[in-house]
Amino acid sequence: MVGNAIDTFNIHSVGPLDRIPPGSSVSKNNYERIVNDLNSRVKNRLGSDGVSAEFIQVMQPSIKGVVDITNWAYSFVSPKVQEAIVVYTSYVIYIDDVTSQISDDLQNYTTQLMRGQQSHMRFYLLPDTFEYLMFFRAKTGITEAYAFFYFPEDTIPSMVLYLAYVNDLLSFYKEEFKPSDSRNFIHSQARLNGIRPFEPIKRIQVKAIELVRKMRNMIFSDDEAMLNIIERFIHGYLSELRIPAVIEMGNRTN
């Protein structure tokens, strides 16, 4: 599987059209064809699964973004696997954005939530509940799926934590401007320990770096092919954010 993935590098490893690295063997026109083909296959798959054309049209901006991320982060997998990743993520976004339109039970839940009506018992964060906080963080995200899409079983725990930590770091500042999103892992850690959010941010940053080093130096130290895959995933996942320093680092690594 790894060998086949590496063989497809020249076809599937470039980024969005305005950021194709110099010297790439894939032209902008060819890359545009690859992206458009993936986008079309995903929409056809959603349609065959029973999603209406109207909803697919509403989802199109999200689908386009997911196609972009998938081509960056999962450049080493086959087109079929890329299609599965985009379809799965599109369903997640679909459920998250339009739940009130697809289920009476979920619609009732949304109504209760908007009215501030409790539908379950109240939970409290106590200093001795850190393990539960970690468990809750894992179960409220979808990082496990993105680890299982390709990586070996012994990497799953580290990959799940890495994806969760990076998402927490990258989304924190956006969520600070949306009070409804501020009940996140970083703020929960801060409340649990009676500290300011800045301190958990630094801790998570250190833990994310430690996880990358662990995967490089321990899990894949003797597997050069998979180590290369891990590097391409990490740099591809972050490069999609268009942070110049990250893209430069990825180019040096490649």
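Each number in the numbering used here comes from the position in the sequence shown (counting from 1) with 30 added on.
Built from N, CA and C at the ideal position, the CB exists for glycine as well.
So what does DSSP say about residue 147, is it helix, strand or coil? coil
Cβ contact check for the region 217-234 and the region 186-205: 3 or more pairs under 8 Å: Because the criterion of three Cβ pairs below 8 Å is met, the region 217-234 and the region 186-205 touch.
Whole angstroms are fine: how far does the CA of residue 83 sit from the CA of residue 179? 27 Å
Is the beta carbon of residue 105 less than 8 Å from the beta carbon of residue 72? Against a cut-off of 8 Å, the Cβ pair of residue 72 and residue 105 comes out as no contact.
I think residue 94 touches residue 69, with their Cβ atoms under 8 Å apart; what is that distance to the nearest whole Å? 7 Å
Determine, using beta carbons only, whether residue 81 comes closer than 8 Å to chain D. Structure shown: chain D not included; a single protein chain is present.
In terms of residues, what are the limits of the alpha helix (DSSP H) holding residue 239? 228-244
Reducing DSSP to helix, strand and coil, say where residue 264 ends up. helix
Could you tell me if residue 187 is buried or exposed, where buried requires 16 or more neighbouring beta carbons within 10 angstroms of its beta carbon? exposed
Under 8 Å, do residue 257 and residue 263 count as touching if we go by C-beta distance? no
With residue 100 as the anchor, note down where its alpha helix (DSSP H) starts and where it stops. 83-103
Distance cut-off 7 Å: residue 114 Cβ against heavy atoms of the ligand GDP: Among the ligands in the structure shown, none appear at all, so the ligand GDP cannot be discussed.
Return the residue from the list 200, 217, 218, 122 that minimises the CA-CA distance to residue 172. Closest by alpha carbon: 122.
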